[in-house]
Amino acid sequence: MYEDDDDDDEVEEEERLVFYPIQFLAVLFYRNDNGWSYTHWCNAKAISFIPLVARLAIELGLFDEQQRGGLLSRGGLLSEGAGHNVLQLLMHSDPIERRSQEYQERIDDKYLQVLIQLRKLGLLKKEDIQRYSLLHNLCSKDYFAEKRLRFLVEWDPSALTQTTEYGGSVPLTLTVATSKSSIRGFQSVFEYGIHYFPNKKGINLLFRKNNFGGTPFKFACDNYGHEQVMEVVEDTLIRYSTTLDNHAPPFNIVEALMMAAIDENVHLDCVNFLLRREPDILQKLLSSSSSSSSSIESATHTNQKKRKRKYKKKDDDDDGN
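Take the sequence shown: its position 59, counted from the start at 1, is 84 in our numbering, and no numbers get skipped.
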């Protein structure tokens, strides 16, 4: 009986474990001591062959056309929902405690070159970044892969505002909530948010809530301390302010404040943050509102007087006829 049970377990294990050769060009899979989970290690020696293998697989018809030569075939613990395709595996980095900085930088460059080649071949498309949560995958890794981050963000900046399907996190959240990287990763993603969304979204991403109420700002403060996080945030805002002629903040304070106040996905800490930066903004808003009301009232009164004169002239003309 026990032997039969073991056989059943082995069949079940085989059914939920699926790997394709092209995936081993991106990472190496090692079974952990617990027997059911796997550790991924970057395959630096074979990674450059992925574009060639994918192209040959397409020419030979080894996969369905929509699988792009195996690049989109999911592999791994499929029954656990942990399967990844090759594009997602190209976001991988090795654990920071096991590799040197120099090695990690070399991996980042090698994987970037593969992404560039795949884009040239039409095997990596812009919509893949959000469809397969590539930026989220990259930001959740322990090592901050600066080159791949720049590649993805510059190609599709809107991915910075995308939320994960289950956790509701933006990429900025993952740099501090699941990653063990230095604060440099958090700083870079925040800078990109300010750069590409300077009006209101960029600053509000700092306080974007996930499904559990956590925000990038809170996670960052928990990891690195409030003082260091505020230093990074203020330095970024000051640096972008100096690029403007009037040295104004790199966001529209009024629109950012209004969005923070009415958007339920933005934590009210954002309102507090903005008010601390510009305490007299509420008075300006009230003055602007009063001025607008007075202008509207004056314009309405003027229009009414014009209409009265117009109707009086018409009556006089009718009497003359």
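Backbone N, C-alpha and C fix where the C-beta goes; we use that ideal spot for every residue, glycine too.
Residue range E171 to W180 is occupied by the alpha helix (DSSP H) that includes K172. The segment 140 to 156 makes no contact with the segment 190 to 207: fewer than 3 CB pairs, one atom from each, lie closer than 8 Å. Around the beta carbon of A51, 16 or more other beta carbons sit within 10 angstroms, so the residue counts as buried. For D260, the closest C-alpha among the options E216, L293 and E303 is that of E216.
Residue range I208 to Y221 is occupied by the alpha helix (DSSP H) that includes Y217. Taking R99 as the centre and dropping the five residues before and after it, the same chain places the C-beta of G108 and N110 closer than 6 Å to its C-beta, in chain order.
Distance from the CA atom of F237 to the CA atom of G192, rounded to whole angstroms, is 8 Å. Around the beta carbon of P196, 16 or more other beta carbons sit within 10 angstroms, so the residue counts as buried. If you draw a 10 Å sphere on the C-beta of L112, you find 16 or more other C-beta atoms in it, and that means buried. Residue state for V195 is assigned as coil, using DSSP reduced to three classes. When Cβ pairs closer than 8 Å are counted between the two stretches, the segment 116 to 125 is seen to touch the segment 165 to 182, the count reaching three or more. A buried status is given to I228, since no fewer than 16 other beta-carbon atoms sit within 10 Å of its beta-carbon. Remark: C-beta atoms of N224 and N290 do not approach each other more closely than 9 Å. Looking at the backbone, the Cα of K243 and that of I47 are separated by about 40 Å. At least 9 Å separates the beta-carbon of R173 from that of L143. Counting of Cβ neighbours within 10 angstroms places A286 among the exposed residues, the total staying below 16.
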